Every structure is written in C-alpha cells, then in structure tokens.
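Peer 1: Residue numbers (my numbering): 196 to 328.
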Amino acid sequence: MTLFAAAACTTNDADLLREAERTRLHALVSADIVRARQLHAPDFQLITPIGATLSKEEYLGAIASGQIRYLTWEPADIAVRLYTNGAVIRYRAQLEVIFGGHKVPLHDYWHTDVYERRDGQWLVVWSQATSIN
C-alpha cells in the first residue's frame, strides 16, 4: 500500500466514523431504538454530565420508555483520532433533553466517544458528555 493509499484509507475511516456518530445521534433523537441498538456495542457505557453511569440496556431502555427524550442534539465538527481497530471522537454539541419529566434547556456540551471496529462495523463502546459552563 502506498503512503497515499494509507492516507485515503484513514480519511475514509474518519468520514465513516463521523457518519456513524451522526447516524447514532439521529437514532437517539428520533428514539429509533432498533437502529440505536445496531450502533452501540453490547458492553457500551455512558457517563452522563452529572456523573451517572448507564449501560447500553439502561440507556436505550430510558430512551424507549421516554425517561430520556432528546429534543435537539446538534454536533459541531467531529474530530477523529484513529487507531488500528479503535477510534476516539470528540465534538462540541448543543443539546436539549427532557430527563425524568424535567426539561433541560438547550446547552453546550463536549462529547468524547470511543469506537471499536467489530466484525467490520464501527460501534460506540464508551461515551462521556461534559457540560460547558
């Protein structure tokens, strides 16, 4: 593989990751649990802005039940750091959510997500959101 081909592959993987994250966000906002399950690894874990830890089942179950309802989740540019079969993405986003019946107004957050390539597909395994004050 030439240096140019390696760079093209990396750019393609980075673009695939950005698209995977945008697809994941769309599934979460639209409460498309079937699609969201396909994009989250079985061992997925979320750390919320208040420090709570949620497994895949807890997180997607809360969305399915309406306990968590995303109204807006707009990412800015998504930075990607690629590794052999893993990647870390980071971006700033504006997010508005109803959590436990309480509306959390539109606010800025940093999101950091770890993806792994499993059976040829990029899956999110860890996600952390941090409020920007």
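By construction, the Cβ of each residue, glycine as well, lies at the ideal position given by its N, Cα and C atoms. Nothing here was measured: the structure is a model prediction, and the numbers come from that model.
1) Given that a residue counts as buried once 16 or more other Cβ atoms are within 10 Å of its Cβ, and exposed if not, what is D308?
2) Skipping 5 residues on each side, what residues in its chain have a beta carbon closer than 7 Å to that of L212?
3) Have a look at I258, T248 and E214 and flag the residue whose alpha-carbon is nearest the alpha-carbon of I293.
4) Since I believe L223 is in contact with P270 (beta carbons under 8 Å), could you give me their beta-carbon distance rounded to a whole number of angstroms?
5) So is Y306 buried or exposed if we call it buried at 16+ other beta carbons inside 10 Å?
6) Pull up the distance between the alpha-carbon of R232 and that of S322, whole angstroms please.
7) Would you mind giving the Cβ-Cβ distance between D210 and L277, rounded to the nearest angstrom? I have them listed as a contact below 8 Å.
Peer 2: Inspection of the coordinates gives the following:
1) Buried.
2) Shown here for L212: same chain residues with a beta carbon closer than 7 Å to its own, the five before and five after excluded, namely V275, A282, I284, Y310 and W317 in chain order.
3) Selected option, being the one with the closest Cα: I258.
4) Contact check for P270 and L223: beta-carbon distance about 12 Å, past the 8 Å limit, so the pair fails to qualify.
5) Strictly speaking, residue 306 in this sequence is His, with Tyr absent from that position. Under this definition H306 is a buried residue.
6) Distance from the CA of R232 to the CA of S322, rounded to the nearest whole angstrom, comes to 15 Å.
7) Not confirmed; about 11 Å, so no contact.
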